[in-house]
Amino acid sequence: MQPEPSAYRMGSASLTSRIATFLLAIPALGLVAGLIFLPTIGLFVLSLAENFNPGDPVDKFFAGNFGWANYVRLATDEFVIGRLLRTLAIGAIVTLGTIAVGVPLAMALWRMSGRAKALLLALTLTPLLVSIVVSAYGWSVLLGQSGIVNETLRSLGLISRPLKLMHSDIAIVIGLVHILLPFMVLSLLAALERVPRVVLEAASTLGASPLRVHAAITLPLASAGIRSGVLLVFSLAVAAFVTPAILGGNGTPVFPMVIYEQFSGSFQWAYGAALAIALLVISSVIVALYLATARRVSY
C-alpha cells in the first residue's frame with residue numbers, strides 16, 4: 010500500500026523546516042563556538058603547559074612539556090581549595106537569597122497588571138540598567154563604617170559601635186543578591202505566565218486557601234522557572250569578580266580574584282588557566298547535579 014501524497018508533503022515540509030531552522034542557527038552557533046568553546050579549549054591547553062611564562066616565545070610553548078602538574082598543584086594548595094569552597098558557599102547563599110526575595114516578587118508581578126506592574130517591573134530591572142561598578146560603590150556607601158546603615162542603627166540606639174559590614178562576606182552576598190535578583194525574577198515570571206489561571210480558580214473553588222494554592226499548584230507548575238533562575242544566578246555568582254573585589258576587598262578574595270592574581274600579579278598563566286578550568290568544571294558539575302535532582306523530584 011503506497012502512502013498518500015499528503016504524507017510525502019508533510020514529511021518534506023517537516024524536513025525543510027528542520028533544515029531552515031539549522032541554517033538560521035548557524036550564525037549563533039558560530040558565535041558561541043568562536044567566543045566560548047575555542048577560548049576555553051585554548052585555556053585548557055595552556056593549563057597543561059609546564060614552565061611557560063608570559064613573554065616567552067611561542068615556540069617555547071609548543072616545545073615545552075605538557076602534563077597535569079598544575080592540576081596536581083591545585084589539589085594540594087590549601088589556600089586555593091579554601092577560596093574555592095568559600096566561593097561555592099557564597100554562590101549557594103546568594104542563590105538562596107535570590108529565591109527568598111525573588112519568588113514573592115515574581116508572584117506579586119504575576120498577579121499585578123497595568124501601570125503598577127510596569128513600575129514594579131522597572132524597579133526590579135534597575136540593577137541591569139546600572140553599571141556593576143556603580144552598584145557596588147553604592148553599596149559601599151551604604152555599608153561603610155560611617156554609612157547609612159551603621160548611622161541609622163546607631164541613631165536608633167541598636168548598636169554602640171559601627172558594624173563591620175564592608176570587606177566581608179555579608180557585603181559580597183548583599184551586593185550579589187541585589188545585582189542578580191532580576192535573573193531569578195524574570196526566569197520565574199516567564200514560567201508563571203504559562204500557568205493556567207483556570208487551575209488556580211478551580212482549586213480556590215474547592216476550598217483551598219491562597220497560600221495552599223500557590224504552594225501546591227503554582228510553584229510546582231513554575232518549577233522550570235526556578236531551575237532556570239538557579240542556573241543563571243549560581244553560575245554568575247561563583248564567577249563574579251567586580252562586586253567581590255569592591256565589597257569584599259583584598260582581605261576576602263573569592264576564587265575569580267585568585268585566578269586574576271595568577272595572571273596579573275604572579276604571572277603564572279598556566280596555573281591561572283588551570284584554576285579557571287577547575288572553576289568551570291566544578292560549577293558545571295554542581296549545576297548539572299542540581300538540575301538532574303530537581304527534575305527527578307518534580308516528576
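In our numbering, the protein residues as written are 10 to 308.
Beta carbons are placed, not taken as given, at the ideal position from N, Cα and C, and that holds for glycine.
In the structure shown, Phe243 falls within a helical segment according to DSSP collapsed to helix, strand and coil. According to the DSSP assignment, Val142 belongs to the alpha helix (DSSP H) that extends over Ile141 to Leu152.
Taking a cut-off of 8 Å for Cβ pairs, the segment 95–110 and the segment 159–173 do not touch, as fewer than three such pairs fall below it. Short of 6 Å from the beta carbon of Leu240, and not among the five residues preceding or following it, lie these beta carbons of its own chain, in chain order: Val296. The closest CA to that of Ser155, considering only Pro265, Gly234, Leu165 and Arg170, is found on Arg170. Between Leu256 and Pro191 a beta carbon distance of about 19 Å is seen, past the 8 Å cut, so the two are scored as non-contacting. Taking the C-beta atoms as reference points, Leu228 is found nearer than 9 Å to Val112. Secondary structure in the segment 28–113: the alpha helix (DSSP H) runs of 4 residues or longer, each lying completely within the stretch, are 47–56, 67–72 and 78–84 in chain order. Taking each of Ile268, Thr25, Gly281 and Gly106 in turn and checking the Cα distance to Asn79, the smallest one comes out for Gly281. The C-beta distance from Thr30 to Val247 rounds to 33 Å, too long to fall under 8 Å, and the pair is not in contact.
The DSSP-derived three-state label of Ser196 is helix.
Ala283 is the residue among Gly147, Ala283, Val207 and Gly106 whose C-alpha sits nearest the C-alpha of Val81. Membership of Gln277 in any alpha helix (DSSP H) is not indicated, and neither H nor E is assigned to it by DSSP.
Between Ala58 and Ala225 a beta carbon distance of about 55 Å is seen, past the 8 Å cut, so the two are scored as non-contacting.
Minimum Cα-Cα distance from Leu289 among the listed residues Phe53, Gly43, Leu32 and Leu40 corresponds to Phe53. Secondary structure of Ser155 (DSSP, three-state): coil.
Taking 9 Å as the cut-off, the beta carbon of Leu152 is found closer than this to the beta carbon of Leu174.
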